[in-house]
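Protein chains: 2
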Amino acid sequence: MTAHPAGPDELDFLSFVDFAVTKTTSELGAVDPEAMRLVLTLHRLTSALVYDLESAVHRPRGLSWPGFRVLFVLWLAGPLESKRVAQLSGMSRAAVSALVNTLEKAGLVERRQAEHDRRAVLLSLTEAGHDTITQDYQAHNEREQAWANTLSPDERTTLIGLLHKLMTGAAAADAKRRF
Amino acid sequence: MTAHPAGPDELDFLSFVDFAVTKTTSELGAVDPEAMRLVLTLHRLTSALVYDLESAVHRPRGLSWPGFRVLFVLWLAGPLESKRVAQLSGMSRAAVSALVNTLEKAGLVERRQAEHDRRAVLLSLTEAGHDTITQDYQAHNEREQAWANTLSPDERTTLIGLLHKLMTGAAAADAKRRF
DNA sequence: AGGAGATAGTCAAAGCTTTGATCAAAGGAG
DNA sequence: CTCCTTTGATCAAAGCTTTGACTATCTCCT
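Pasting the structure below:
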């Protein structure tokens, strides 16, 4: 993938993928280098993307990445039971509970008891929360566009399709998940 | 993307992507739905993948996901300065420092002073660390293969190419990063 | 109706993350 | 050679994460 395979001293976060694939296959034999490269690249790209979005968009506006995710879910689908927020945002129920403590103190989210089930807690955005996520998501999407514009429209469509296929495939179906 | 667009009550982690894209564009107007779908899908897929690998492969063998990443880097490119481990594994130096405390207690990693620079700390695997990562990575790669086999060889190649392009593109170059 | 079992939310402990401060050591300029 | 700046590692505080335990509540079966 690179012109000149780098030695251990000139590696960086990106070129480490090539290095790792080469070195591992020569060392272990029974590995599938394409599967390795796929997962490594996917993980590194996503890390870089999330780091960029969090530090360039959300932190400057006072939100953490997890805080953004909860607000985003409540914005689009709220009010929701705490359980549903956990499902839709991909966190554990305990994580949502802890996070909502912070968001509640910040005046962005409200907790109230559900009517039909006294165990359940209904979460909703406050007006401040609604304003925050509306503006924040605006900036978020602009940054998303900057990333997405690296690819042509066809490439974007292809990529989304492949990611979707991977997400709905057999391995994903067997995968350990939170729910 | 789905046959029948789900209402807020029947959503799950995956179908939320469709719902979010539809709802946001109708609510905000100025968003790019494809960029949104791309980032949302990428993030959710990667989360699911990492969760699966961590809980099915690494935790049962006594490693955390971050611990695995550090061991993996040291296995292939070690011994390395602490700084380099941070770069190659994509963590902050402080995170590596804290994590190595744990790995050192577990007898998997050794710290020693570098010769040429008395500020620097050289990290290397112990023999137990080497054995651990060798076996652990074996299982890791088998699980990677299960995921990757959802796609045909051509699809895998295409996907890797597109991810790589995104990773090296203009937005990635401007992106806020740790280094 | 009564009791067993499942479910919602929270708490606690432990670990990992971040940023910013601190300290020691190295490098460069005068 | 000395001062100033930069750099490597660690620490501290705050936040988020996980699993597992616990309480309250609901549901279902007899």
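The listed protein sequences correspond, in order, to chains R and A. The first sequence: position 19 = 19 (the UniProt record's numbering), numbered continuously. The second sequence: position 163 = 163 (the UniProt record's numbering), numbered continuously. We treat Cβ as the ideally placed atom computed from N, Cα and C, and that holds for glycine.
Between residue 126 of chain A and residue 107 of chain A, the CB-CB gap stays under 8 Å. For residue 47 of chain R, the neighbours in chain A by C-beta distance under 7 Å run, in chain order, 90. Under DSSP, residue 109 of chain A forms a beta bridge with A:125. Judged by beta-carbon spacing, residue 57 of chain R lies within the 8 Å limit of residue 139 of chain R, meaning their Cβ atoms are closer than that value.
Counting along the chain, the unbroken alpha helix (DSSP H) around residue 44 of chain A starts and ends at 33-53. For residue 144 of chain A, the C-beta contacts it makes with chain R under 8 Å involve 32, 35, 36, 38, 39, in order along the chain. Minimum Cα-Cα distance from residue 90 of chain A among the listed residues R:61, R:43, R:119, R:35 corresponds to R:43. For residue 91 of chain A, no alpha helix (DSSP H) encloses it, and the DSSP letter there is neither H nor E. When the beta-carbon positions are compared, residue 41 of chain R and residue 76 of chain A stay at least 8 Å from each other. Take residue 101 of chain R, set aside five residues on each side of it, and no residue of its chain has a beta-carbon closer than 7 Å to its own. Between residue 63 of chain R and the set R:151, R:137, R:169, the nearest pair of CA atoms involves R:137. Residue 93 of chain R is a Cβ neighbour of residue 83 of chain R, given a cutoff of 8 Å. Looking at the backbone, the Cα of residue 110 of chain A and that of residue 104 of chain A are separated by about 6 Å. Using a CB distance cut-off of 8 Å, residue 23 of chain A counts as an interface residue toward chain R.
Looking at the backbone, the Cα of residue 141 of chain A and that of residue 18 of chain A are separated by about 31 Å. Beta-carbon to beta-carbon, residue 150 of chain R and residue 166 of chain A are separated by about 5 Å, close enough to satisfy the 8 Å threshold. The beta-carbon of residue 160 of chain A is placed less than 8 Å from the nearest beta-carbon of chain R. Taking CB atoms only, residue 129 of chain R has no neighbour in chain A less than 8 Å away. In this structure, DSSP gives residue 81 of chain A an extended state, which the three-state scheme calls strand. When only Cα atoms are considered, residue 47 of chain A and residue 11 of chain A end up about 18 Å apart. Apart from the 5 residues on each side of it in sequence, residue 37 of chain R sits with its Cβ closer than 7 Å to the Cβ of 17, 21 in its chain, given in chain order.
In this structure, residue 162 of chain A lies away from residue 34 of chain R, with their beta-carbon atoms at least 8 Å apart.
With respect to the C-alpha of residue 49 of chain A, the residue from R:53, R:39, R:118, R:54 having the closest C-alpha is R:39. In the three-state reduction of the DSSP assignment, residue 98 of chain A falls in the helix class, which pools H, G and I. Here the C-alpha atom of residue 146 of chain A lies approximately 12 Å from the C-alpha atom of residue 31 of chain R.
For residue 150 of chain A, there is no enclosing alpha helix (DSSP H), since its DSSP letter is neither H nor E. What residue 50 of chain R touches in chain A, judged by beta-carbon distance under 8 Å, is 43, going in chain order. In chain R, no part has a C-beta under 8 Å from the C-beta of residue 93 of chain A; the shortest such distance is about 14 Å.
Scanning its chain for C-beta atoms nearer than 7 Å, with the 5 sequence neighbours on each side dropped, one finds around residue 159 of chain A the residues 151, in chain order. In terms of Cα proximity to residue 13 of chain R, the closest of A:86, A:13, A:98 is A:86. Contact note: residue 156 of chain R reaches chain A through 34, 38, using a C-beta cutoff of 7 Å and chain order.
Judged by beta-carbon spacing, residue 81 of chain R lies within the 8 Å limit of residue 122 of chain R, meaning their Cβ atoms are closer than that value. Residue 169 of chain R has a beta carbon lying within less than 8 Å of a beta carbon in chain A.
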